[in-house]
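Below you'll find the structure, written out as structure tokens, and then a few comments.
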Amino acid sequence: MSITRALLIDFDGVLRHRAPDVAVRCERDAGLPEGSLLATAFEPELLTPAVTGAISQKEWESRIASTLQARYPDADVATAVAECFGEIGYIDDEVMAIVDAVRPHTTICLISNATDRLHRDLAALGIVDRFDHAVASADLGVTKPDERVFAAVARLAGVPAERCMVVDDTPANTEAAQRLGMTGHAFTSAADLKKAVDDWLDRDLTDRTSPEVLDREAVRVLCLDPEDRLLLLHWRDPVNGAYLWEPTGGGVEPGESYIEAARRELLEETGFLGVRIGPQSIPVRRDQLWRGKRFRNVEQFFVARISADQATTTPVLTETEVETLVGSRWWTWPDLLRTTERIEPVDIVHVLRTLAPDGPWSDSFKTGM
Numbered sequence: 034m035s036i037t038r039a040l041l042i043d044f045d046g047v048l049r050h051r052a053p054d055v056a057v058r059c060e061r062d063a064g065l066p067e068g069s070l071l072a073t074a075f076e077p078e079l080l081t082p083a084v085t086g087a088i089s090q091k092e093w094e095s096r097i098a099s100t101l102q103a104r105y106p107d108a109d110v111a112t113a114v115a116e117c118f119g120e121i122g123y124i125d126d127e128v129m130a131i132v133d134a135v136r137p138h139t140t141i142c143l144i145s146n147a148t149d150r151l152h153r154d155l156a157a158l159g160i161v162d163r164f165d166h167a168v169a170s171a172d173l174g175v176t177k178p179d180e181r182v183f184a185a186v187a188r189l190a191g192v193p194a195e196r197c198m199v200v201d202d203t204p205a206n207t208e209a210a211q212r213l214g215m216t217g218h219a220f221t222s223a224a225d226l227k228k229a230v231d232d233w234l235d236r237d238l239t240d241r242t243s244p245e246v247l248d249r250e251a252v253r254v255l256c257l258d259p260e261d262r263l264l265l266l267h268w269r270d271p272v273n274g275a276y277l278w279e280p281t282g283g284g285v286e287p288g289e290s291y292i293e294a295a296r297r298e299l300l301e302e303t304g305f306l307g308v309r310i311g312p313q314s315i316p317v318r319r320d321q322l323w324r325g326k327r328f329r330n331v332e333q334f335f336v337a338r339i340s341a342d343q344a345t346t347t348p349v350l351t352e353t354e355v356e357t358l359v360g361s362r363w364w365t366w367p368d369l370l371r372t373t374e375r376i377e378p379v380d381i382v383h384v385l386r387t388l389a390p391d392g393p394w395s396d397s398f399k400t401g402m
């Protein structure tokens, strides 16, 4: 993938704003105390199920109305809730222009603590195509400032955390992103945002500290079980102590074809016998540090289906693999997407969607439920 940076930008309070008097007017017309409508809506027991996807926007509004009606039986609650939440707000054109200007150089990701209504609002506002990815917390099942939100969006973008910038009007959210190694900017104004984005784009984020660059031909196999769980191996770099998860695979030996190398590596690292590897493969660019050296190469990725009663034998690992292999795990799609652990390749979601398009990762909205 050619774009190796991602801008993760918040929606409400950054890109979208709402007229401040809407709720007040709805309350006054309905005979509700001032401040009661939004205060009730944002009570955790009502809000949390909605923004984590446990209930829909429609159900959330219904529960808000029921709660308010019980407290204020003489008020026209239904009308107030419908009018207040029917208002979709407006886009800050100055902020949107900043986002549009950097999009040729950056993957743009909208991330909002929002209900399932987010995608409908984007369509109504006419800005769906202004983002490469748009994710509501209801899609993921977790909300900011949970670090898993930012990890998931970076993984959808196929961009390493250290090459991501998060823009949010809540400092706790940018601080959470910074703990993952991302650049964080607490939004205050369009002018400050433009300066922060320009500074970020000017940085050289390429690691040039490695004394040696090695190129090699390699292959990887995405092993999927009947439940669409993905097998990843867990490795520890003995030089810097860093951990990573990646699909089984390795270097191509002299005289081997890619598919022959894939079959050999799969057998050696997993012990799976007689696995049929799909004929389709895609090239994936890798650039990573391992054992004090920098590896830059294009690896061929394949996919294989592993049956529930898969025959196995003892894996045959090299001395280096015995030293560095920590373990293995079958990952569900939600766990894979939301983990804050390092998963390689960074664009594994793109690889899954290409080689196994019928899997749970195919739905661009329901990303993690």
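Numbering (the working numbering), first residue to last: 34 to 402.
C-beta atoms are modelled at their ideal positions from N, C-alpha and C, and glycine is treated no differently.
Computed from a predicted model, the values in this text were never measured in an experiment.
With a contact defined as Cβ atoms closer than 8 angstroms, Arg249 and Thr357 miss out at about 17 angstroms.
Distance from Leu299 to Val254 at the Cβ level is roughly 5 angstroms; contact confirmed, criterion being Cβ atoms closer than 8 angstroms. Here the C-alpha atom of Gln90 lies approximately 46 angstroms from the C-alpha atom of Phe305. Contact check for Val199 against Met215 passes: the beta carbons are separated by less than 8 angstroms. Taken in chain order, the unbroken stretches of alpha helix (DSSP H) that lie wholly in the segment 94-176 and span 4 residues or more are 110-119, 126-135, 151-158, 170-173.
The count of Cβ pairs closer than 8 angstroms, one atom from the segment 206-225 and one from the segment 179-186, reaches three, so the stretches are in contact. Of the candidates Asp162, Asp154, Leu158, Ala113, Asp162 places its Cα closest to the Cα of Arg136. In the three-state DSSP reduction, Phe75 falls in the coil class, being neither helix nor strand. For the pair Asp172 and Gly86, the CB atoms are nearer than the 8 angstroms cut-off.
Look at Pro393 here: in three-state DSSP terms it is helix. In the DSSP annotation of this structure, the continuous segment of the beta strand (DSSP E) that includes Val200 starts and ends at 197-201. Annotation: the continuous beta strand (DSSP E) that includes Leu41 extends over 39-42. Excluding the 5 residues flanking it on each side, Thr112 has same chain C-beta neighbours closer than 7 angstroms at Ala63, in chain order. The segment 380-388 and the segment 303-323 touch, with three or more beta-carbon pairs separated by less than 8 angstroms. With respect to Leu143, Ala167 sits close: the two C-beta atoms are nearer than 8 angstroms.
DSSP places Asp54 in the coil class of the three-state scheme, outside both helix and strand. For Ser361, the secondary structure class from DSSP, reduced to helix, strand or coil, is strand. In this structure Ala294 is buried. Its beta-carbon is surrounded by 16 or more other beta-carbon atoms within 10 angstroms.
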